[in-house]
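Working notes for the structure below.
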Amino acid sequence: MSEKNLQNICKKSLEDNKAENILALDIEGISSFADVIMIATANSNRHAKSLANKLVESIKANNKNILNVEGKVESGWILVDCGGVVVNIMKEDIREFYDLEGLWGENTLLNSSNK
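Just so it is clear: in the sequence shown, position 73 is 71 by this note's numbering, and no numbers are missing.
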C-alpha cells in the first residue's frame, strides 16, 4: 500500500468521525521517522480516543499494520504510528500549545480539511 493510499485512508477515517482541522505535512527528506505527519483536532478526550480507535480499525481493515499507538486519553494527545504516516490526534488547546504545524513549517503542508 502506498503512503498516499494510507494517507487517504487516515484522512477519510478522521473526516468520517468528525475530526476537525485535518492537516497533512510532507516531511519526507527532513525526517527519518515518517514521510507524512497528519494532525487532527478532537473536541474532547473521549472524542480523541474514539478517533484513534476508529482510525486503527480502518487501517487494519485495509490490511495495514499499526506500529504503535501512544498517549493517554487524559493527555489530550494520541499518536497513531502507521510507519510512513504518523497521525497526531489532539485537543485544540494541546494542538495550539505544541504547534506542530509551526514546528515543521508551512512549506511542508500537503493538504488541509477545515471543518
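In this text, a Cβ means the ideal position worked out from N, Cα and C, and glycines have one as well. A quick note: this is a predicted structure, and the numbers were derived from the prediction, not measured.
Which residues DSSP lists as bridging residue i, in chain order
i: N86; result: I37 and L77
i: V67; result: V78
i: E26; result: S29
Cut-off 6 Å between Cβ atoms - residues of its own chain near residue i, not counting five sequence neighbours on either side
i: M36; result: C8, A22 and V85
i: R93; result: T39
i: E68; result: L77
i: L98; result: I37
Pairwise C-alpha distance: residue j and residue i
i: D91; j: G100; result: 15 Å
i: Y76; j: S0; result: According to the sequence as given, residue 76 is Ile; it is not Tyr. Using only the alpha carbons, I get a separation of about 23 Å.
i: I87; j: D79; result: 11 Å
Buried/exposed call for residue i, threshold 16 Cβ in 10 Å
i: K70; result: exposed
beta-carbon residue i near the ligand PLP non-hydrogen atom, thresh 7 Å
i: I20; result: Here there are no bound small molecules, and the ligand PLP is not part of this structure.
Close Cβ partners of residue i (< 7 Å) along its chain, the five nearest in sequence each way excluded
i: E72; result: N43
Own chain residues within Cβ distance below 8 Å of residue i, not counting five before or after
i: K89; result: T39, A40, N41, S42, N43, A46, G74 and W75
Segment contact flag, the region 62 to 69 with the region 10 to 17, C-beta cutoff 8 Å, min 3 pairs: Contact fails between the region 62 to 69 and the region 10 to 17, because fewer than three Cβ pairs, one in each stretch, are under 8 Å apart.
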